[in-house]
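Asks:
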Amino acid sequence: MLHHHLVGPADAPPLVLGPSLGTSKAVWEPQLPSLSRRFRVLRFDLPGHGGSSADILPAPEPGRTTVGDLASLVLDLANQYGWSRFHYAGISLGGAIGTHLAAHHPDRVASLALVCSSAHFGAAQPWHERADLVRLQGTAPLLETSPGRWFADRSFADSPFGRRLLGTLAAADPVGYAACCDALAAYDLRPDLATISAPTLVVGGALDTATPLKHARELAEGIADSVLETIPCGHLAVETPRALQDVLVDHLRTACAEGAMRVPLPD
Numbered sequence: 001m002l003h004h005h006l007v008g009p010a011d012a013p014p015l016v017l018g019p020s021l022g023t024s025k026a027v028w029e030p031q032l033p034s035l036s037r038r039f040r041v042l043r044f045d046l047p048g049h050g051g052s053s054a055d056i057l058p059a060p061e062p063g064r065t066t067v068g069d070l071a072s073l074v075l076d077l078a079n080q081y082g083w084s085r086f087h088y089a090g091i092s093l094g095g096a097i098g099t100h101l102a103a104h105h106p107d108r109v110a111s112l113a114l115v116c117s118s119a120h121f122g123a124a125q126p127w128h129e130r131a132d133l134v135r136l137q138g139t140a141p142l143l144e145t146s147p148g149r150w151f152a153d154r155s156f157a158d159s160p161f162g163r164r165l166l167g168t169l170a171a172a173d174p175v176g177y178a179a180c181c182d183a184l185a186a187y188d189l190r191p192d193l194a195t196i197s198a199p200t201l202v203v204g205g206a207l208d209t210a211t212p213l214k215h216a217r218e219l220a221e222g223i224a225d226s227v228l229e230t231i232p233c234g235h236l237a238v239e240t241p242r243a244l245q246d247v248l249v250d251h252l253r254t255a256c257a258e259g260a261m262r263v264p265l266p267d
């Protein structure tokens, strides 16, 4: 199973939070106190990240892992807790996992929030090249360039939270990290966006250079009745945590009012 952490009232609706590539469940810590008052919140680590072993990958060989494989691992977690439906929010790759779930397992996703994410993360070759580099040299070569991709202000890397996130990248298992790169290389859900029926929030970072706002707009335009919000942040949405919290809570409150939160819970 994916390494994960569960907190919040046992009888509250389940909410799954997915992290971005190179980070861990810690990326959601600023929003956790608020969300865990209202939900049974499950945060997980991607394979080879944080506490998750790369050994859980069904096919870790180069070029084999897909976003669908990662989504299946999330479903395994939901099944373990008896959750037939759950709310989902994810950042970047974590958002791609949620998009896949909402498109291919619509009965499981009660509502969806996509933060600094995309339906397609660009050409496959750069992802395969990064995967090859990490398999050969580990994640150390990425530590110099990642702050510029992750944070709107590169100096955030010197903050306690920034150092913690970069520490997760430094410690990532090369096999797991590279497999996630392969998943992003093969990912293109643009043809399936119109099939998503879950109430959806799309959050774009006004200062995000890794997935610029055009990616958020494409998601919002492709998913019927979705809501697009823009906040002043970089790719991980960590500079303005309250802004992300506010739009996410409003989204979930609306889903509640429309009945999407009335989901079956285990005994």
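Each residue of the sequence shown is one higher than the one before, starting from 1 at the first, in full-length UniProt numbering. Backbone N, C-alpha and C define an ideal beta-carbon position, used for all residues, glycine too. All values derive from a computational prediction rather than experimental measurement.
#1: Assess contact between the segment 46 to 54 and the segment 168 to 183, defined as three or more Cβ pairs (one per stretch) separated by less than 8 Å. Is contact present?
#2: What residue range does the alpha helix (DSSP H) around E229 cover?
#3: With DSSP collapsed to three states, give me the class of F161.
#4: Enumerate, from N- to C-terminal direction, the unbroken beta strand (DSSP E) stretches of 3 or more residues contained entirely within the segment 169 to 221.
#5: Buried or exposed: where does T168 fall if 16 or more other Cβ atoms within 10 Å of its Cβ makes it buried?
#6: Put I56 into one of helix, strand or coil per three-state DSSP.
#7: Thinking just about the alpha-carbon of each residue, which of V16, A152 and L166 is nearest to the one in L101?
#8: Could you spell out where the beta strand (DSSP E) holding S111 opens and where it closes?
#9: Please classify V27 as buried or exposed, where buried requires at least 16 neighbouring CB atoms within 10 angstroms.
#10: Nearest to P106 by CA position, among G94, H87 and S118, is which residue?
Replies: Considering the structure as presented:
#1: Flag = yes, the segment 46 to 54 and the segment 168 to 183 touch.
#2: Where E229 is concerned, there is no enclosing alpha helix (DSSP H), although the beta strand (DSSP E) it sits in stretches over V227 to I231.
#3: F161: helix per DSSP, three-state reduction.
#4: Annotation: the segment 169 to 221 contains the following complete segments of the beta strand (DSSP E) (minimum length 3 residues), in chain order: 200 to 205.
#5: Buried: at least 16 other Cβ atoms inside 10 Å.
#6: In the structure shown, I56 falls within a helical segment according to DSSP collapsed to helix, strand and coil.
#7: Per the C-alpha coordinates, the member of V16, A152 and L166 positioned closest to L101 is V16.
#8: Boundaries of the beta strand (DSSP E) around S111: V109 to V115.
#9: Burial call: buried.
#10: Checking every option, the nearest Cα to that of P106 belongs to H87.
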